[in-house]
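J.:
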Amino acid sequence: MKRTALAITLGLSVLTMVGCSNKVSYGDATEVETVDVGFGSTDLQTVAQQMTDDLLTFPAVVAITAKERPVVYVERIKNKTSEHIDTESITDSISTKLLRSGKFRFVDMARVDSVRQQLEFQNSGGMVDPATAVSFGKQIGAQYMLYGNLSSIVKDNGKQKDVYYKFTMRLMDLQTGILEWADETEIRKVEERSKFGL
Amino acid sequence: MIRIQSVTAAMLLLILTGCSTVAVKSVFVGYDQQLQSTRQLAWQGQFDAAAQSIELGPVDSRNHILQLLQQGRALFLAQDFEASLTRFQQAAQVLAQLDRQAQYRLSQGVNLAATTVTNDNLIPYELPDYERTMLHHYLAINYLALSRVEPALVEVRKARQAQLMAAQKRQDELRQAANEAAEQGVIPDVNAAFNGYPDMSGLIGNVKNGYQNAYTFYVSALLYELVDEPNAAYIDYKKALEIAPDNRYIQQRLLVLAKRLGMTQDLAMYQKLFTQFDSHSAQDGRVVILIEQDLVAAKQDMHLPIPIRSSDGYYGVFNVAVPVYNQAPRRAAPLSIYQGNTLVAHSAEITGITNLAAKQLQEDMPAMLVRQAIRVYTKEMVRKNVADSAGDWGNLLVNLYNTLSETADTRSWSLLPGNVQVMDLSLGSGEQSLELRQGASRLPLNIAVAPGQTRLLLVTSMAGKLYLSASN
Chain P
1 MKRTALAITL GLSVLTMVGC SNKVSYGDAT EVETVDVGFG STDLQTVAQQ
51 MTDDLLTFPA VVAITAKERP VVYVERIKNK TSEHIDTESI TDSISTKLLR
101 SGKFRFVDMA RVDSVRQQLE FQNSGGMVDP ATAVSFGKQI GAQYMLYGNL
151 SSIVKDNGKQ KDVYYKFTMR LMDLQTGILE WADETEIRKV EERSKFGL
Chain L
1 MIRIQSVTAA MLLLILTGCS TVAVKSVFVG YDQQLQSTRQ LAWQGQFDAA
51 AQSIELGPVD SRNHILQLLQ QGRALFLAQD FEASLTRFQQ AAQVLAQLDR
101 QAQYRLSQGV NLAATTVTND NLIPYELPDY ERTMLHHYLA INYLALSRVE
151 PALVEVRKAR QAQLMAAQKR QDELRQAANE AAEQGVIPDV NAAFNGYPDM
201 SGLIGNVKNG YQNAYTFYVS ALLYELVDEP NAAYIDYKKA LEIAPDNRYI
251 QQRLLVLAKR LGMTQDLAMY QKLFTQFDSH SAQDGRVVIL IEQDLVAAKQ
301 DMHLPIPIRS SDGYYGVFNV AVPVYNQAPR RAAPLSIYQG NTLVAHSAEI
351 TGITNLAAKQ LQEDMPAMLV RQAIRVYTKE MVRKNVADSA GDWGNLLVNL
401 YNTLSETADT RSWSLLPGNV QVMDLSLGSG EQSLELRQGA SRLPLNIAVA
451 PGQTRLLLVT SMAGKLYLSA SN
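Heads up: the protein sequence lines correspond to chains P and L, in order.
Every letter in the first sequence is one number past the one before it in the UniProt record's numbering, and letter 186, counting from 1, is 186.
Every letter in the second sequence is one number past the one before it in the UniProt record's numbering, and letter 398, counting from 1, is 398.
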């Protein structure tokens, strides 16, 4: 009896000790991440990659960028999901990729912000108003504006969680207010809660 | 052999109490008593002191999430929005983690086993649905107070999701508890026990369920209006009206929006139902005042006799400790707003949080009674075994322990407001000096009103005194 008790104690203490040691390692930055259904690095990379690929190969955009490198400014991606997502990070990725393609130039965001403050440009509003956008674009010397929406539909019944993301982006000619390009990327993720666990 | 048993028992007790004095305290002292001084401080308007009086405890402790909520709310009242936001964010994080855990957890099972010989105070605190919604609600309000509209909108969407989920998972709990009782061969007469339980209908009022609150829908609608999405706002006002059909400010806003959005059918219906008493002109600005009054009622401890039969023929009437809202119903004290000495408007109640809490408890009661019955029965069996093996002294000790540890789970987010009222005013542009009055209390409000714009104010009315908590 004593021996069994000892064995159990020993086993328990081993378990406790193992539970205490942490391990740190490097991972691949582009590795598929599936920790949970929340918006993650893989989603960000997918969205940025698909958007830039589509934009750079779209015939009308190819025509615009054939002779010159148009100046673009990134309005913002509106977060309409039920998650706190750093949408600036998505626009950063997209603008970096576009800049590195050598086909576009961008207005410095610091300049955009200062003009925005001068004009008290309402950026909390819902839709982008073409009339105000045109005058704003002229002030900062941009020819095109890139903007978009990230929305989601979440269903959760306690056992399964299903998240659908839709990312929409548009490129607008600031002189005419005409949309030159638009695209959307969809992502669906499902998480099943395990029945038993610690 | 006996020695091993007693060692095991001692170890079990150690595990149960978690070696800390805090846990020992919650075995014998109810949460309502532990938090009384904090509530007292908040009641006196000493919000900073109230926030400081809350001990957070270690991250993995049972009440950690509850203490985060309490502190977040106290910090909000103390107008420390950044700190309040951080607390609520931590609480939301803990909640998300709990939600993602497996449906049946081994460690949870151990906890439940522990409570069979102690009481429910040792289970990790599980947020009732209305508190879950209020967590997202206060996150939204904090973001708004810090002028961060987009994250605030994210939170109201989460609040809506929480209310949706709550509607789905009703009733599941009662079935689970009944199954558990059947497995252990315990047959409690829940109906007989219920006869001795106080009637809470006065406190509940005409609330239909414990998870939907019009206040959250109202704030959500206001936020959508702030970002110029009247369509989304219209839907939320409609939901708010469903829950608070008599609130004239919601009615008026629906009339305005139905007209603006061209909802002709709705408009015709609303015009038949409500009388429109103010006409907005384009030169006017809008001032919305949210008034959070007093504190939600605290759960109290009561003992209820419950007859229990077991499958092996045992029969007895046991005293179980259960939580109850036993206070006399308090009516919301209306506020009025004056411009000089002219009365401009009265406030209208939108949500009674005490009503929601009482309704929720009433809904949870049957399952809770079944669980308590299993527990007291197990305790009685322990006493009988000890009486057989350890004689009179052991019997006496266990009896004493059983009586003292019979404490109801009175935990709740008790720093929430008792009721919430609203005012939605249309005022001429320019600097307006107004005065909010409740009884003898006065709160001067100087508001710069711009045409077509909305100013949002949150006022706390505590123990008859008025405090301006937040404004944008």
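C-beta: ideal position from N, C-alpha, C; glycine also.
Which bits of chain L does asparagine 157/P rub up against, with CB to CB less than 9 Å?
T.: On the first sequence, residue 157/P is found 157 positions in, with the first residue counted as 1. The answer, in chain order, is Met165, Gln168 and Lys169.
J.: When DSSP labels each residue in this structure, what does glutamine 49/P get in the three-state scheme?
T.: On the first sequence, residue 49/P is found 49 positions in, with the first residue counted as 1. Judged by DSSP in its simplified three-state form, glutamine 49/P adopts helix.
J.: Out of Ser412/L, Glu431/L and Asp424/L, point me to the one whose CA is closest to methionine 134/L's CA.
T.: Taking the first residue of the second sequence as position 1, residue 134/L is located at position 134. The residue with the shortest Cα to Cα distance from methionine 134/L is Ser412/L.
J.: Could one say the Cβ of glycine 126/P lies closer than 8 Å to chain L's Cβ atoms, at least one of them?
T.: The residue labelled residue 126/P in the question sits at position 126 within the first sequence. Confidence at glycine 126/P is low in this model, with a pLDDT of 42, below 50, so the placement of that residue is unreliable and no value is reported for it.
J.: Among residues of its own chain, excluding the 5 on either side of alanine 387/L, which ones have a beta-carbon nearer than 8 Å to its beta-carbon?
T.: Within the second sequence, residue 387/L is the residue found at index 387, counting from 1. Result list for alanine 387/L: Gly394, Asn395 and Val398, in chain order.
J.: According to DSSP, is histidine 136/L helix, strand or coil?
T.: The sequence position of residue 136/L within the second sequence is 136, counting from 1. Looking at histidine 136/L - three-state DSSP - the assignment turns out to be helix.
J.: List, in chain order, every chain P residue whose beta-carbon is nearer than 7 Å to that of valine 94/L.
T.: Residue mapping note: residue 94/L aligns to position 94 of the second sequence, counting from 1. Ordered by position in chain P, no residue passes the 7 Å Cβ test against valine 94/L, which lies about 15 Å from the chain.
J.: Measure the alpha-carbon distance for tyrosine 144/P versus methionine 169/P and round it to whole angstroms.
T.: The residue given as residue 144/P occupies position 144 in the first sequence. The residue given as residue 169/P occupies position 169 in the first sequence. When rounded, the distance between both Cα atoms is 13 Å.
J.: Would you mind listing the beta strand (DSSP E) stretches within the segment 24–107 of chain P that are 3+ residues and don't spill past its ends, in chain order?
T.: Taking only runs of at least 3 residues, the beta strand (DSSP E) segments lying wholly in the segment 24–107 of chain P are 71–80.
J.: Taking the CB atoms as reference points, tell me whether leucine 203/L and threonine 351/L lie closer together than 8 Å.
T.: Start at 1 with the first residue of the second sequence, and residue 203/L comes out as number 203. Start at 1 with the first residue of the second sequence, and residue 351/L comes out as number 351. Cβ atoms of leucine 203/L and threonine 351/L: not closer than 8 Å.
J.: Counting only beta-carbon atoms, is serine 82/P nearer than 8 Å to chain L?
T.: Here residue 82/P refers to the residue found at position 82 of the first sequence. Closer than 8 Å to some Cβ of chain L, the Cβ of serine 82/P qualifies, so yes.
J.: Do leucine 255/L and asparagine 231/L count as a contact pair if the criterion is CB distance below 8 Å?
T.: For this step, residue 231/L is matched to residue 231 along the second sequence. For this step, residue 255/L is matched to residue 255 along the second sequence. No. Outside cutoff.
J.: Does the Cβ of glutamate 192/P have 16 or more other Cβ atoms within 10 Å, making it buried, or fewer, making it exposed?
T.: To locate residue 192/P, count along the first sequence from 1; it is residue 192. Classification of glutamate 192/P: exposed, given that the 10 Å Cβ count is below 16.
J.: Taking C-beta pairs closer than 9 Å, name the residues in chain L that asparagine 79/P reaches, listed in chain order.
T.: Against the first sequence, residue 79/P aligns to sequence position 79. Here the neighbours are Glu150, Pro151, Leu153 and Val154.
J.: Alpha carbons only, please: which of Leu458/L, Glu126/L and His64/L is nearest the one belonging to isoleucine 141/L?
T.: Your numbering for residue 141/L matches position 141 in the second sequence. It is Leu458/L.
J.: Counting pairs of beta carbons, one from the segment 342–349 of chain L and one from the segment 38–53 of chain L, are three or more of them closer than 8 Å?
T.: no
J.: Per DSSP, what kind of secondary structure is methionine 263/L in: helix, strand or coil?
T.: Walking along the second sequence from the start, residue 263/L turns up at place 263. Three-state DSSP puts methionine 263/L in coil, outside helix and strand.
J.: So, with DSSP's three-state summary, where would you put glycine 316/L?
T.: Here residue 316/L refers to the residue found at position 316 when the second sequence is read from its first residue. In this structure, glycine 316/L counts as strand in the three-state DSSP scheme.
J.: Please report the distance separating the alpha-carbon of glutamine 160/P from that of valine 190/P.
T.: Position 160 of the first sequence, counted from the first residue, corresponds to residue 160/P. Position 190 of the first sequence, counted from the first residue, corresponds to residue 190/P. Taking the straight line joining both Cα atoms gives about 7 Å.
J.: Assuming leucine 415/L and arginine 73/L make a contact with CB atoms under 8 Å, what is their CB distance in whole Å?
T.: Within the second sequence, the letter at position 415 stands for residue 415/L. Within the second sequence, the letter at position 73 stands for residue 73/L. Contact flag correct, Cβ pair sits at about 4 Å.
J.: For chain L, check one thing: does any of its Cβ atoms lie closer than 8 Å to the Cβ of valine 163/P?
T.: Translated into the one-based positions of the first sequence, residue 163/P becomes position 163. Not closer than 8 Å to any Cβ of chain L, the Cβ of valine 163/P fails to qualify, so no.
J.: Within the continuous alpha helix (DSSP H) that includes methionine 462/L, where are the two ends?
T.: Counting from 1 along the second sequence, the entry for residue 462/L is found at position 462. Counting along the chain, methionine 462/L falls outside any alpha helix (DSSP H), though it belongs to the beta strand (DSSP E) covering 454–462.
J.: Valine 154/P versus chain L: which residues are under 7 Å apart at the beta carbon?
T.: Sequence index remark: in the first sequence, residue 154/P carries index 154 (1-based). Within 7 Å Cβ-Cβ: Gln161.
J.: Against chain L, which members of the segment 32–60 of chain P pass a CB distance test of less than 7 Å?
T.: Correct list: Asp36.
J.: Please confirm whether lysine 239/L has its beta-carbon closer than 8 Å to some beta-carbon of chain P.
T.: By 1-based counting over the second sequence, the position of residue 239/L is 239. False, the Cβ-Cβ gap to chain P never drops below 8 Å.
J.: In or out: proline 417/L buried (at least 16 other Cβ within 10 Å) or exposed?
T.: The residue given as residue 417/L occupies position 417 in the second sequence. By the neighbour-count rule (16 or more Cβ atoms within 10 Å), proline 417/L is buried.
J.: For the alpha helix (DSSP H) that arginine 375/L lies in, which residues bound it at each end?
T.: Within the second sequence, numbered from 1, the residue matching residue 375/L stands at position 375. Looking at the DSSP string, the run of the alpha helix (DSSP H) that includes arginine 375/L is 353–404.
J.: Between glutamine 421/L and isoleucine 235/L, is the Cβ-Cβ spacing less than 8 Å?
T.: Translated into positions along the second sequence, residue 421/L becomes position 421. Translated into positions along the second sequence, residue 235/L becomes position 235. No. Outside cutoff.
J.: In chain order, what residues of the same chain have a beta carbon less than 8 Å from the beta carbon of aspartate 36/P, not counting five sequence neighbours either side?
T.: If you number the first sequence from 1, residue 36/P lands on position 36. Glu191.
J.: Going by the beta-carbon positions, is the gap between valine 322/L and leucine 335/L smaller than 8 Å?
T.: Numbered from its first residue, the second sequence carries residue 322/L at position 322. Numbered from its first residue, the second sequence carries residue 335/L at position 335. Against a cut-off of 8 Å, the Cβ pair of leucine 335/L and valine 322/L comes out as no contact.
J.: Measuring CA to CA, which of Pro58/L, Val154/L, Gln453/L and Tyr215/L is closest to asparagine 419/L?
T.: In the second sequence, the residue the question calls residue 419/L occupies position 419. Nearest option by C-alpha distance: Tyr215/L.
J.: Which whole-angstrom value describes the C-beta separation of leucine 434/L and valine 190/L, a residue pair presumed to lie in contact below a C-beta threshold of 8 Å?
T.: What you label residue 434/L is simply residue 434 of the second sequence in a count that begins at 1. What you label residue 190/L is simply residue 190 of the second sequence in a count that begins at 1. About 53 Å; that fails the 8 Å criterion.
J.: Return the Cβ separation of leucine 85/L and tyrosine 125/L in integer angstroms, given the expectation that the two are a contact with Cβ distance under 8 Å.
T.: Locating residue 85/L in the second sequence gives position 85, where the first residue counts as 1. Locating residue 125/L in the second sequence gives position 125, where the first residue counts as 1. So it is not a contact: roughly 21 Å between Cβ atoms.
J.: Tell me, please, which residues DSSP counts as bridged to lysine 155/P.
T.: Reading the first sequence from its first residue, position 155 is the one you call residue 155/P. DSSP output for lysine 155/P lists Asp162/P as bridge partner(s).
J.: Helix, strand or coil: how does DSSP classify isoleucine 4/L here?
T.: Translated into the one-based positions of the second sequence, residue 4/L becomes position 4. Summary for isoleucine 4/L: the model assigns pLDDT 44, below 50, so the residue's position carries little reliability, and this model does not support an answer.
J.: Distance, Cα to Cα, serine 469/L vs alanine 110/P?
T.: The residue given as residue 469/L occupies position 469 in the second sequence. The residue given as residue 110/P occupies position 110 in the first sequence. In this model, serine 469/L and alanine 110/P are separated by some 34 Å (Cα to Cα).
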